[in-house]
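There are 2 protein chains.
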Amino acid sequence: MKLSVKSEYACLALIDLSELHEKGQLCTIGKIAENKGIPKKYLEQILLILKRSGYVKSQKGPDGGYRLAKDPGEINVAEIIRLMDGALAPVESVSTYFFEHTPIEKSPKLLDVFRQIRNYISDTLEHLTFRDLIE
Amino acid sequence: MKLSVKSEYACLALIDLSELHEKGQLCTIGKIAENKGIPKKYLEQILLILKRSGYVKSQKGPDGGYRLAKDPGEINVAEIIRLMDGALAPVESVSTYFFEHTPIEKSPKLLDVFRQIRNYISDTLEHLTFRDLIE
DNA sequence: GTTATTGTCTACTAATCTTATAGAGTATAT
DNA sequence: ATATACTCTATAAGATTAGTAGACAATAAC
Numbered sequence: 446m447k448l449s450v451k452s453e454y455a456c457l458a459l460i461d462l463s464e465l466h467e468k469g470q471l472c473t474i475g476k477i478a479e480n481k482g483i484p485k486k487y488l489e490q491i492l493l494i495l496k497r498s499g500y501v502k503s504q505k506g507p508d509g510g511y512r513l514a515k516d517p518g519e520i521n522v523a524e525i526i527r528l529m530d531g532a533l534a535p536v537e538s539v540s541t542y543f544f545e546h547t548p549i550e551k552s553p554k555l556l557d558v559f560r561q562i563r564n565y566i567s568d569t570l571e572h573l574t575f576r577d578l579i580e
Numbered sequence: 446m447k448l449s450v451k452s453e454y455a456c457l458a459l460i461d462l463s464e465l466h467e468k469g470q471l472c473t474i475g476k477i478a479e480n481k482g483i484p485k486k487y488l489e490q491i492l493l494i495l496k497r498s499g500y501v502k503s504q505k506g507p508d509g510g511y512r513l514a515k516d517p518g519e520i521n522v523a524e525i526i527r528l529m530d531g532a533l534a535p536v537e538s539v540s541t542y543f544f545e546h547t548p549i550e551k552s553p554k555l556l557d558v559f560r561q562i563r564n565y566i567s568d569t570l571e572h573l574t575f576r577d578l579i580e
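Chains as they are written, first to last, in this note's numbering: chain X, 446 to 580; chain F, 446 to 580.
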């Protein structure tokens, strides 16, 4: 499983926005960056990706900012990590097993364990929504 | 969790050697590489690491090669992956949480989920020995 | 003791990924 | 107009990964 700080930042930003969602408030990039300790210019890119994928909406100009495009309960952590970092499989081979030949094919038992881990991670993170992460 | 092909190769090599362990046979780097489809020169380095950490022993010269230094049941997959790729935590932040400040601290709930995943992975792979992986 | 075989060791490298930073542009509220 | 805030593309330093190269050391067989 690949999990970079990019995914972490994306999740933290969405948590921030989830907490404001009830009130329909907007929050600026700078504010989120400050709240969560994320480099602002990097966060810009992350929020753009989230916007293009329909998770957030933005408003330009003074008093502008970001807000969620959906209810926090409708966004799960797995889809955000997949969006940012790609597949959740612990090894590339587990994801690509059906398409390419890779050395790990030589040990089906090991491959099964990695698959099991992948499934556990997927199940856990797919059932974890941002509603669950609001404090 | 970081899991590179280096770990995969190490595990595959150990599986190969585990299958020969009963008979006390030696196996050359070239043979293992061929069996498992691993670049030979890369495998050399991996086997050296395994040797220095006491998992395998070697014999130079004609009819030389590698063999396990322990029983396959006494080596688990977690320790091999840690040796090759470092900690098993799905995010660096989970491992370093106690030592450094990192953005993910800002969301204890998310951190807990990642800890839970790390623990699942650790438990699974610590209880998986190479005895279990022999065909 | 020469030779072929096999492991040992260090250095190097190409490619990729990650984590940003820079700066110009666009929309909007006042 | 102007200040504010999002948008977009390009760039880049640093680290990591996955190897490759080549000289060296030990050993068995003859």
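Built from N, CA and C at the ideal position, the CB exists for glycine as well.
| said: Considering only the alpha carbon of each residue, which of S567(X), D530(X) and L513(X) lies closest to K468(X)? | reply: Position 23 of the first sequence holds residue 468(X). Among S567(X), D530(X) and L513(X), the Cα nearest to that of K468(X) belongs to L513(X).
| said: Rounded to whole angstroms, what is the Cα-Cα separation between N480(F) and S552(X)? | reply: Within the second sequence, numbered from 1, the residue matching residue 480(F) stands at position 35. Within the first sequence, numbered from 1, the residue matching residue 552(X) stands at position 107. Each residue's CA atom was taken as its position, placing N480(F) and S552(X) some 11 Å apart.
| query | The beta strand (DSSP E) spanning Y511(F) covers which residue range? | reply | Sequence index remark: in the second sequence, residue 511(F) carries index 66 (1-based). Y511(F) -> beta strand (DSSP E) spans G510 to L513.
| said: Using CA atoms only, rank isn't needed, just tell me which of K502(X), C456(X), V501(X) and L471(X) is closest to G482(X). | reply: Numbered from its first residue, the first sequence carries residue 482(X) at position 37. Per the Cα distances, C456(X).
| task | Could you pull the start and end residues of the alpha helix (DSSP H) that S463(X) belongs to? | result | Translated into the one-based positions of the first sequence, residue 463(X) becomes position 18. V450 to H466 is the span of the alpha helix (DSSP H), which, as asked, contains S463(X).
| query | With a CB to CB cut of under 7 Å and the five nearest residues on each side skipped, what residues in its chain are close to T541(X)? | reply | Position 96 of the first sequence, counted from the start, is the residue given in the question as residue 541(X). Legend: pLDDT at T541(X) = 43, less than 50; position of this residue unreliable, value from coordinates given subsequently. Within the same chain, T541(X) has close Cβ partners T547.
| query | If you count every other CB in all the chains shown that lies within 10 Å of the CB of L493(F), and 16 or more means buried, which is it? | reply | Working through the second sequence from its first residue, we reach residue 493(F) at position 48. Under this definition L493(F) is an exposed residue.
| request: Give the C-beta separation of T574(X) and I491(X) to the nearest angstrom, bearing in mind that I take them to be a contact with Cβ-Cβ under 8 Å. | output: One-based indexing of the first sequence puts residue 574(X) at position 129. One-based indexing of the first sequence puts residue 491(X) at position 46. With a Cβ gap of about 19 Å, T574(X) and I491(X) do not count as contacting.
| query | Does any residue of chain X bring its CB to less than 9 Å from the CB of K554(F)? | reply | In the second sequence, the residue the question calls residue 554(F) occupies position 109. Closer than 9 Å: yes.
| said: Can you give me the C-alpha to C-alpha distance between Y500(F) and I525(F), rounded to a whole angstrom? | reply: Locating residue 500(F) in the second sequence gives position 55, where the first residue counts as 1. Locating residue 525(F) in the second sequence gives position 80, where the first residue counts as 1. A direct Cα-to-Cα measurement between Y500(F) and I525(F) gives close to 9 Å.
| query | By Cβ distance, which residues of its chain are closer than 8 Å to E443(F), with the 5 residues on each side in sequence left out? | reply | Residue 443(F) lies beyond the residue range present for chain F, which begins at 446 and ends at 580; the question has no answer from this structure.
| request: For G518(F), count neighbouring C-beta atoms within 10 Å of its own C-beta (all shown protein chains included) and say buried if the count is 16 or more, exposed if not. | output: Taking the second sequence and counting its residues from 1, one reaches residue 518(F) at position 73. It counts as exposed.
| With distances taken between CB atoms, is the gap from T569(F) to I562(X) smaller than 9 Å? | In the second sequence, the residue the question calls residue 569(F) occupies position 124. In the first sequence, the residue the question calls residue 562(X) occupies position 117. Yes, Cβ-Cβ distance for T569(F) and I562(X) is below 9 Å.
| query | DSSP puts T574(F) in a beta bridge; with which residues? | reply | The residue labelled residue 574(F) in the question sits at position 129 within the second sequence. Beta-bridge pairing links T574(F) to N521(F).
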